[in-house]
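Visitor: Per my numbering, residue 30 is the first one in the first sequence, and the count goes up by one each step. This structure is in structure tokens; I'll ask about it shortly.
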Amino acid sequence: MTDENFFEKVYAIARQIPAGRVTTYGAIAEALGTRGSARMVGYAMNGSGSVIPPVPAHRVVNRSGFLTGKRAFHSESLMAELLRNEGVEVLNDQVVDFKHLFWHPLK
DNA sequence: TCCATGACTTCCG
DNA sequence: ACGGAAGCCATGG
């Protein structure tokens, strides 16, 4: 393992996401200072399952509100289940009123 | 060191 | 408005 500073930053912000809220990879990337590394955010989240404390990766979706990362979970439906458990309505692998539930890391 | 991959985003047709 | 292609940064082989 080399310098995992980047991953730690992603995890830190992901853990700052309030329950019942969701954010986008680009927003996190921008909060890190690397706006173009939106893909890396998801890439880092891929290892979030092996990090402690646990990271609410299910609260992170793409800018369209789609659960693009649900495939990385143990079950593809688990991500939607977690969101619903927090009060976030998910329909057809998409967050309902995503625009309204959107949470900005810097805000 | 170079090439290939990816939980994204934006631009162009 | 919709679909396809390019750009982007970090990691691994």
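Backbone N, C-alpha and C define an ideal beta-carbon position, used for all residues, glycine too. Note that the coordinates shown come from a computational prediction; the quantities given were computed from them, not determined experimentally.
1. Given this structure, state the Cα-to-Cα distance separating A43 from E59, to the nearest angstrom.
2. Would you tell me roughly how many angstroms separate the C-alpha atoms of M108 and G65, rounded to the nearest one?
3. Classify F95 as helix, strand or coil using the three-state DSSP reduction.
4. What are the residues that DSSP puts in a beta bridge with V90?
5. Confirm, please, whether the CB-CB distance from F127 to V89 is below 9 Å.
6. From F131 to T63, what does the alpha carbon distance come to, in whole angstroms?
7. Between A56, K99 and L135, which has its C-alpha nearest N75's C-alpha?
8. Hey, quick one: how far does the alpha helix (DSSP H) through N114 stretch, first residue to last?
9. Measure the C-alpha to C-alpha separation of A73 and V39 and round it to an integer number of angstroms.
10. State the DSSP-derived secondary structure class of L135, mapped to helix, strand or coil.
11. Can you tell me where the alpha helix (DSSP H) with E37 in it begins and where it stops?
Guide: In brief:
1. 13 Å
2. 25 Å
3. strand
4. T53
5. no
6. 20 Å
7. K99
8. L107 to N114
9. 7 Å
10. coil
11. N34 to R44
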